[in-house]
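Residues 5 to 167 (my numbering) make up the sequence shown, in order.
Okay, so here's the structure we're looking at.
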Amino acid sequence: MSLMVVSVACVGGQDKTFLSAQPSAVVPQGGNVTLRCHYRRGFNNFTNFTLYKDNGSHVPIFAGRIFQESFLMGPVTSAHAGTYRCRGSYPHSPTKWSALSDPLVIMVTGVHKKPSLLALPGPLVKSGETVILQCSSDIVDSLGEVCTNRDRETGDTSTDQVS
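Below, the structure written as structure tokens:
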């Protein structure tokens, strides 16, 4: 009788790659955020990983860099806002790289001032008079013009956006 050794390998798809932000993907300007690239639903961090920014904006610190475990990004500016992905190398096979992660959007708050609203000729208007409402922002072409009309008899208002 001869003995035969049979090896069976169960091959599944690649582990899903995730990019996460701690404490949050919404970061105040000047704040910090830690990015982690991991797999198996967050149970394992990659030993090494690279970051990619989808919109093509250049963040110099990422160019050709390989990060270990996590990456502390900050103090953040408006240039850091955008969509990121990562790709990691597995601890058991450091030359094998994962698929790209799903996108993670980093939003930077506090970059723009609040818009202001001005009533012309002034805030007090007599019945039947016309008032012009002017909204200003430091974001060019972000608001367009908004026209609000109030029906004198019913008091109903309607608002129209004019580009």
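Every residue, glycine too, gets a C-beta built ideally from N, C-alpha and C.
What is the rounded straight-line gap between the Cα of residue i and the Cα of residue j?
i	j	result
P125	V135	7 Å
V1	N52	Only positions 5 to 167 of the chain appear in this structure, which leaves residue 1 out of reach.
H96	M111	34 Å
S24	L121	38 Å
P32	F75	17 Å
P79	L137	38 Å
T113	V30	7 Å
P27	F50	19 Å
V129	S140	21 Å
Just reading off the beta strand (DSSP E) that residue i is part of, what are its end residues?
i	result
R91	G86 to Y94
H42	V37 to Y43
Would you say residue i and residue j are within 8 Å of each other, going by their C-beta atoms?
i	j	result
T21	S102	yes
T87	D58	yes
R69	T54	yes
In three-state terms, what does DSSP make of residue i?
i	result
I110	strand
S141	coil
S82	helix
V129	coil
K100	strand
S120	strand
P32	strand
For residue i, count neighbouring Cβ atoms within 10 angstroms of its own Cβ and tell me buried if that reaches 16, exposed if not.
i	result
G132	exposed
P98	exposed
G92	buried
H42	buried
Is there a C-beta anywhere in chain D that falls below 8 Å from the one on residue i?
i	result
N49	Of the protein chains in the structure, only one exists, and it is not chain D.
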